[in-house]
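Residue numbers (full-length UniProt numbering): 1 to 178. Glycine included, each C-beta is placed from N, C-alpha and C at the ideal position.
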Amino acid sequence: MSDTKYILGHFEHPDDLMDGIDKLQKSNISIYDVYTPMPIHGIEAKLGVPPSRLPIVAFICGITGTISGISLLYYTLHKDWPMIIGGKPTLPMPDFVPVTFELTILFCALGMVAAFYFRSHLFPGRAPRVMDLRATDDRFVIAIDARSNTDHEKIDSLLKDAGAVEVLYNERKYVSYE
C-alpha cells in the first residue's frame, strides 16, 4: 500500500456520508475532500471550508465595469466630441445610467466566468480530473489522503462502520474519462 495516494469511501446515502465524516473527524483523521452528486446542506461547515471570496471578485468586476462605462461616456461626450444640443449639458449624468448599468453587468458576468474557470481549473480544452467516475453519478465519496494518515486499517474500519458500501485504495491521483 505504499503507492496508495487516496483512500476512497463510497456511500449510497448522504446521511451515511455525514456519519462517516463525523467518525473520521472524531478519530482525528483529516479528510482530503468529499465528492457528491448533489449539494448537501451543512457539509461545508462540517468540513471547515472557509466562506467563498466570490462576492469580493463580483464587486471588483462590477466596479470596474461602472468606472469603464462612466469613463467611456465622459471621454466621448465631453472631451472627444462635445455637442451642445438644445442647451443640454455635455455631461448628462442621468443619460449615463443605462450604459453604465449594462457595462457593470457585463464586466461582472464575464469576470465571474473567468474567476470560476481560474479557481476550478476547468479551462476550455482541458480534460476533467475526477477521483472516481461514480462520484458525479450515484455515489457519495470521501477521499482521505493515505500518505498523511498511515493507519489504513483503522480508516477502513471507520468507513465501513459508518455505512460505506465500498472502500477503494486509489493509486493514481485522478481517473481519466478515456
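query, result
"For the beta strand (DSSP E) containing E166, list its first residue and its last residue.", "166-170"
"Between D145 and Y35, is the Cβ-Cβ spacing less than 8 Å?", "no"
"With A143 as the anchor, note down where its alpha helix (DSSP H) starts and where it stops.", "Run containing A143: none in the alpha helix (DSSP H); it sits in the beta strand (DSSP E), 140-145."
"Buried or exposed: where does L47 fall if 16 or more other Cβ atoms within 10 Å of its Cβ makes it buried?", "exposed"
"Between which residues of its own chain and E12 is the CB-CB distance below 6 Å, once the five residues before and five after are set aside?", "V165"
"What separation, rounded to the nearest whole angstrom, lies between the Cα atoms of C80 and R134?", "Looking at the sequence shown, residue 80 is not Cys but Asp. Those two C-alpha atoms are separated by around 60 Å."
"Please name the residue or residues paired with D33 in a DSSP beta bridge.", "A143"
"With a threshold of 6 Å on Cβ separation, who are the neighbours of F123 within its own chain once the five nearest residues in sequence on each side are excluded?", "Y117"
"Quick test of your reading: P37 and T136, contact by CB under 8 Å. State the CB separation rounded to the nearest angstrom.", "6 Å"
"Can you have a look at H10 and say buried or exposed, based on whether 16 or more other CB atoms are within 10 angstroms of its CB?", "buried"
"Report the option in G62, G20, L168 whose CA atom is closest to the CA atom of G111.", "G62"
"State the beta-bridge partners of H10 as determined by DSSP.", "V141, E166"
"Roughly how many angstroms separate the alpha carbons of R147 and S30, rounded to a whole number?", "11 Å"
"Which residue marks the beginning of the alpha helix (DSSP H) containing K46, and which one marks its end?", "43-47"
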